[in-house]
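Under our numbering, the first residue of the first sequence is numbered 11, with each subsequent residue one higher.
C-beta: ideal position from N, C-alpha, C; glycine also.
This report refers to the structure that appears directly beneath it.
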Amino acid sequence: MDISSKYEPQKVENRWYDYWMTHNYFHSTPDGREPYTIVIPPPNVTGVLHMGHMLNNTIQDVLTRRARLQGKNACWVPGMDHASIATEAKVVAKLKSEGIEKSDLSREEFLKHAWDWTNEYGGVILEQLKKLGCSCDWDRTVFTMDDTMSASVIKVFVDLFNKGLIYRGYRMVNWDPEAQTTLSDEEVIYEEKQGLLYYINYKVVEEDGKTSPLGVEGLTIATTRPETILGDTAICINPNDERFKHLKGKKAIVPICNRAIPIIEDDYVDIEFGTGCLKVTPAHDMNDKALGEKHGLETIDIFNADASLNSFGMHYEGKDRFEVRKEISKELEEKGFLVKTEQYINKVGISERTKAVIEPRLSDQWFLKMEDLVKPAIKAVLEDEEIRFFPKKFKNTYRHWLENIRDWNISRQLWWGQQIPAYYFSDGQDDFVVAESKEEALILANEKVKSRRRTLSGSEESTVDKLTLEDLEQDEDALDTWFSSWLWPMSVFNGILEPDNKEINYYYPTNDLVTGPDIIFFWVARMIISGYEYRQEHPFENVYFTGLVRDKQRRKMSKSLGNSPDALKLIEEYGADGVRVGLLLSSAAGNDLMFDEDLCKQGKNFANKIWNGFRLVKGWQVVDLPQPEASKLGLAWYTAKFNQTLAEVEDHFGKYRISDALMALYKLVWDDYSSSLLEIIKPAYQQPIDKTSFDAVIHIFEQNLKLLHPFMPFLTEEVWQHIADRSPKEALVIAEWPKEEAVDADLIGGFDFATEVISGIRTIRKEKNIPQKEVLELSLINEEKVSTTWDPVISKLTNLASISYIDTALDGTLSFRVKSNEYFIPVGGAIDVAAEIKKIQEELTYTKGFLQSVQKKLSNERFVNNAPGQVIAIERKKQADAEAKIETLEKSLGSLGG
RNA sequence: GGAGUGUUAGCUCAGUUGGUUUAGAGCAUCGCCUUGACAGGGCGGGGGUCGUUGGUUCGAAUCCAAUACACUUCACCA
């Protein structure tokens, strides 16, 4: 047979993915088996695969594939979210490039464009996940704008409204002037920006009605936003501020627009900061709004939706806020109002999506009351541990957010998304109803109107016409995308519309959630909240938080920085398995991952190592021969080692230490299987192997492949199918995960000792440049009374002619020691006695030092009296071993005349 | 400003209730090896007073306190 000496992932990956798809291995339907469910964190419909996705989805695939091998009914539900803001922005931009303005289109027309865009460009990422090997149940692919998903969202909105948890409020919100929509607090990022602090003089109206001259009896405020002075409706001073006693009860004149505004007092004002005088602009600042309400101030909104100035901006009307800032500061300077400017660093809110500077704005919005909803979510994670976080440290973050929860603004001034099911029948603040359809809304609206008349007139009968469908107008706004995704673990199984259907009952609660800590509030917490509200149960048992993928300079990988490697190119270069291994090897749970392409190279090399381990075995000619003793021992030892590693791997998985699980397997396959076992059983050049050993090693190799499959699905399936002709039912992807068996510790201990002997012999070969081909003779003084069991293995791996047991040291040989055993190898040529003596003396110095540290402990009365017996026994053993070793070393020195 | 997490080998990290041969792994590095599965390999070596300072203890990388630095996160005053 002819097998390439290098594993070539490009040639096999697509083939196996197609094979898996053809045979429907990833598809799940409810049955009698234990379910293993995992829902994907839905990527944006606009998204393309980046490093974070690769890490996250690799972990999910490892968990899913392992569960499948364990015989569970594994179901990994893929999907996407509609990403309101991002998608709408893309569609608007595309239309603009075609000369179409959004404002020229009706809602229906715009949505058609959005769907066209989604169908054409959306979902690229799901195809990319297939390249990575993800074993999602693609038949279940869900999109948050699918009919059932949207219907679920609307149903939940109406339900929460009816429970009194959703309300409409006129509030100060985070306004993104670019997307022209509201953002939730979580979608605003604060960045430090170098700006200016402007000191501006205001004139004061004296009691006689005259205006004071500037700068003398006047007052000075400090602001970072001089353009907002046109919206000022008060000046505020601290009542305890001695400097401004004379201003109390007076009025100030806003420069340029010459409006007279009251000077109010409030201890909110920090005497130390700025000038101690605060301009109050209730329409454009959260704190100012609070002051405005407290003191009954007028509210003047000077901005349009795009943050250009409106008619209150006077001659600046129509100009952008930042343009106006420059121009107005110039005008203020020219007119003598501007005292000075100072460099000032302040934090500016930026839209996460569009990067536009957020403008606080007053508007009608829909809010979800969180105070009570949050309670079961706090209990589940922090008290009952019904939901476990890995790593645990994120519980603190979670706690902090939930305990300081604010109501969730769920409306967005966008079209792409579920339209808010509120219907207005007139202009009054309360002239609306909420219903799942317009028809239901009409009934409710008529009832509402009727009951009002009843209260007003006291009469049952009404002669006034009833409302018709045409009288109802649905709220223009759409719901926050997270208001769809917070239902994800339920809605993907249609658990909202049909809460008792077979699928939701089988798959919910899901098992694991794998996601980034950056969306712990956006998504994780809210899913937990909705899970308890709608199913009185946790949505998942375990949440595994991956770290952020950073580059070598510790910068977060992002599109804007351009420091993220092209995911698909990486797969092309290193193979999907190589990339998966590379990502997993250094991703301890929750720790950020310093991505380095060398890790993928390591993964690729590992794949090649396994491949060649297969090639070697495959190349052997198999004959009925007696099994060599060394092979028999080697196979028995490896079986023990395998079981030991399997136990470790299970333990790591239990703690979501995926990286450690992989490393344990990496060492098992590379060190134990390839470097040790294969060398032990390997027949001499061009000699056949005995059938017993061959069958055993094939079995062992297959067991290895099963453990590796979740991490390296393509390579392992390829090799598996090379080993034998397999029917679709025998594919590795659905093989049976090895069962844990008892570990024979004696075998492992015996081999470890033999390994030290082997290593000693190899070192001597090294030092004396004796090639492996040259046969050596080994003699030993067996002080440790080690069994001769392992001699055949030692002989095989170091090419010995004989092993002799002797009583006294051999002259003219090189020696080494393992514990108190001493080994001698005769070599040709003169022995450098001085070097031998030096070597022994170094060992002696170390051992004596060690003995001393042990004796120090043992001679400490308090140690002997207080330490547990087991610990003392260990120390005594150390002492005895060290003493025996010292005796051996000193004997050797004596015989060398040292 | 509040809270949290971390600091162990050149790099990335383990070190699980304090005690398992006077600290481990992978990678990198340094020697030697043109071996017959694999140079994407083999064999062998070097490398850390566990951020700093105190304390508790028979015993501290591990527990406590202080301190320095780094990161995360929340809230923010013109």
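What's the call for Leu678, buried or exposed, on a 16-neighbour Cβ count within 10 Å?
For the purposes of this step, residue 678 is identified with residue 668 of the first sequence, where counting begins at 1. Leu678 should be labelled buried.
Where does Val743 sit, in a helix, a strand or coil, going by DSSP?
Along the first sequence, one-based indexing puts residue 743 at 733. Looking at Val743 - three-state DSSP - the assignment turns out to be helix.
With the cut-off set at 9 Å, would you say Asp754 and Ala674 are in Cβ contact?
The residue labelled residue 754 in the question sits at position 744 within the first sequence. The residue labelled residue 674 in the question sits at position 664 within the first sequence. No; because the gap between Cβ atoms is not below 9 Å, this pair is not in contact.
Rounding to the nearest angstrom, what Cα-Cα distance links Ala741 and Ala189 in this structure?
Here the question's residue 741 lines up with position 731 in the first sequence. Here the question's residue 189 lines up with position 179 in the first sequence. Taking the straight line joining both Cα atoms gives about 50 Å.
Do you know whose CA, among Asn414, Ser373, Phe442 and Thr556, lies nearest Gln423's CA?
Sequence index remark: in the first sequence, residue 423 carries index 413 (1-based). Comparing Cα-Cα distances from Gln423 to each of Asn414, Ser373, Phe442 and Thr556, the minimum goes to Ser373.
Count the other CB atoms, across all protein chains shown, that sit within 10 Å of the CB of Met11; report buried if there are 16 or more and exposed otherwise.
To locate residue 11, count along the first sequence from 1; it is residue 1. Per-residue confidence for Met11 stands at a pLDDT of 48, beneath the threshold of 50, marking its modelled position as unreliable; the derived number appears in the next sentence. It is exposed - the Cβ of Met11 has fewer than 16 other Cβ atoms within 10 Å.
Between Leu378 and Leu595, what straight-line distance do the alpha-carbon atoms span, to the nearest angstrom?
Start at 1 with the first residue of the first sequence, and residue 378 comes out as number 368. Start at 1 with the first residue of the first sequence, and residue 595 comes out as number 585. The straight-line gap from Cα to Cα measures roughly 42 Å.
For the candidate residues Ile708, Ala77 and His60, whose alpha-carbon lies nearest to that of Thr47?
Here the question's residue 47 lines up with position 37 in the first sequence. The shortest C-alpha separation from Thr47 is found at Ala77.
Would Lys165 and Leu383 qualify as a contact pair, given that the criterion is a beta-carbon distance under 9 Å?
Here residue 165 is taken as the residue at index 155 of the first sequence, counted from 1. Here residue 383 is taken as the residue at index 373 of the first sequence, counted from 1. Against a cut-off of 9 Å, the Cβ pair of Leu383 and Lys165 comes out as no contact.
Tell me whether the beta-carbon of Val524 lies closer than 9 Å to the beta-carbon of Leu139.
Residue mapping note: residue 524 aligns to position 514 of the first sequence, counting from 1. Residue mapping note: residue 139 aligns to position 129 of the first sequence, counting from 1. Against a cut-off of 9 Å, the Cβ pair of Leu139 and Val524 comes out as no contact.
Indicate whether the contact test is met: 3 or more Cβ pairs, each with one atom in the segment 501-520 and one in the segment 155-172, closer than 8 Å.
Yes: the two stretches touch, three or more of their Cβ pairs being nearer than 8 Å.
With DSSP run on the structure shown, which of helix, strand or coil describes Phe283?
Numbered from 1 along the first sequence, position 273 holds the residue referred to as residue 283. If DSSP states are grouped into helix, strand and coil, Phe283 belongs with coil.
Does the beta-carbon of Ser107 have 16 or more other beta-carbons within 10 angstroms, so that it is buried, or is it exposed?
For the purposes of this step, residue 107 is taken as residue 97 along the first sequence, with counting starting at 1. Under this definition Ser107 is an exposed residue.
Quick check on the DSSP output: what are the complete beta strand (DSSP E) runs of length 3 or more inside the segment 360-439, in order along the chain?
List check, beta strand (DSSP E) in window: 369-378, 398-400 and 432-434.
What is the residue span of the alpha helix (DSSP H) that Ile239 lies within?
Counting from one through the first sequence, the residue named residue 239 turns up at place 229. No alpha helix (DSSP H) contains Ile239, which DSSP labels as neither H nor E.
Just grab the DSSP bridge partners of Ile813 for me.
Residue 813 sits at position 803 when you count from the first residue of the first sequence. According to DSSP, which records beta bridges pairwise, Ile813 is partnered with Leu788.
Mapping DSSP to helix, strand and coil, what is Phe826?
For the purposes of this step, residue 826 is identified with residue 816 of the first sequence, where counting begins at 1. It is a strand residue.
Would you list the one or two residues that DSSP bridges to Lys261?
Start at 1 with the first residue of the first sequence, and residue 261 comes out as number 251. For Lys261, which the question treats as bridged, DSSP gives the partners Val215 and Pro272.
Do you know how far the Cα of Val459 is from the Cα of Tyr433?
For this step, residue 433 is matched to residue 423 along the first sequence. For this step, residue 459 is matched to residue 449 along the first sequence. Distance between the alpha carbons of Tyr433 and Val459 is about 13 Å.
Whose CA, out of Gly588, Asn356, Ile768 and Leu807, lies closest to the CA of Tyr208?
Along the first sequence, read from residue 1 onward, the residue named residue 208 stands at position 198. The shortest C-alpha separation from Tyr208 is found at Asn356.
With Arg76 as the anchor, note down where its alpha helix (DSSP H) starts and where it stops.
Your numbering for residue 76 matches position 66 in the first sequence. Counting along the chain, the alpha helix (DSSP H) containing Arg76 begins and ends at Met61 to Leu79.
In terms of DSSP beta bridges, what is Trp86 paired with?
One-based indexing of the first sequence puts residue 86 at position 76. In the DSSP output, where bridge partners are listed per residue, Trp86 has Ile48.
Using a threshold of 9 Å, state whether the C-beta atoms of Lys642 and Thr702 are closer than that.
Working through the first sequence from its first residue, we reach residue 642 at position 632. Working through the first sequence from its first residue, we reach residue 702 at position 692. Yes, these two residues count as a Cβ contact at 9 Å.
Alpha carbon to alpha carbon, what distance is there between Ser797 and Gly711?
In the first sequence, counting from the first residue as 1, residue 711 sits at position 701. In the first sequence, counting from the first residue as 1, residue 797 sits at position 787. Checking the displayed sequence, the identity of residue 711 turns out to be Phe instead of Gly. So the two alpha carbons sit approximately 29 Å from each other.
Am I right that Ile274 and Thr221 are in contact with their C-beta atoms under 8 Å? What's the rounded C-beta distance?
Here residue 274 refers to the residue found at position 264 of the first sequence. Here residue 221 refers to the residue found at position 211 of the first sequence. Going by Cβ atoms, the distance from Ile274 to Thr221 rounds to 19 Å, so no, they are not a contact pair.
In whole angstroms, what is the alpha-carbon distance linking Val729 and Tyr666?
Locating residue 729 in the first sequence gives position 719, where the first residue counts as 1. Locating residue 666 in the first sequence gives position 656, where the first residue counts as 1. If you take the alpha carbons of Val729 and Tyr666, they lie about 27 Å apart.
Just tell me which of Pro720, Ile310 and Thr726 has its CA closest to the CA of Val659.
As a position in the first sequence, residue 659 is number 649, starting the count at 1. The candidate whose alpha carbon is nearest that of Val659 is Pro720.
Using a Cβ-Cβ cutoff of less than 7 Å, which residues in the same chain neighbour Leu452 once the five nearest sequence positions on both sides are dropped?
As a working mapping, residue 452 is identified with position 442 in the first sequence. Only Leu477, Leu479 and Leu482 meet the Cβ criterion.
What is the C-beta distance between Phe550 and Asn515, in whole angstroms, given that I count them as a contact (C-beta under 8 Å)?
Locating residue 550 in the first sequence gives position 540, counting from the first residue. Locating residue 515 in the first sequence gives position 505, counting from the first residue. At roughly 16 Å, the Cβ-Cβ gap does not stay under 8 Å, so Phe550 and Asn515 are not in contact.
Per DSSP, which one or two residues make a beta bridge with Thr221?
The sequence position of residue 221 within the first sequence is 211, counting from 1. Paired residue(s): Val215.
Taking DSSP as the reference, what is the three-state secondary structure of Cys246?
By one-based count along the first sequence, residue 246 stands at place 236. The answer is strand: DSSP assigns Cys246 an E or B state.
Between Ser339 and the rest of its own chain, which residues show a CB-CB distance below 7 Å, the 5 nearest in sequence each way excluded?
Against the first sequence, residue 339 aligns to sequence position 329. Excluding sequence neighbours, Ser339 sits near Tyr208, Pro236 and Leu348.
For a test of the three-state rule: what should DSSP assign to Gln484, helix, strand or coil?
Translated into the one-based positions of the first sequence, residue 484 becomes position 474. If DSSP states are grouped into helix, strand and coil, Gln484 belongs with the strands.
CB-CB under 8 Å to Thr2, same chain, minus the five flanking residues each way: which ones, in chain order?
One cannot answer for residue 2 here, as it falls past the ends of the chain, which runs 11 to 908.
Keeping to the same chain, check which residues put their C-beta closer than 7 Å to that of Leu392; ignore five residues upstream and five downstream.
Residue numbering aside, residue 392 sits at position 382 when the first sequence is read from its first letter. Lys405 and Arg409.
With distances taken Cα to Cα, identify the nearest neighbour of Glu216 among Leu558, Ile271, Ser116 and Met61.
One-based indexing of the first sequence puts residue 216 at position 206. Closest by alpha carbon: Ile271.
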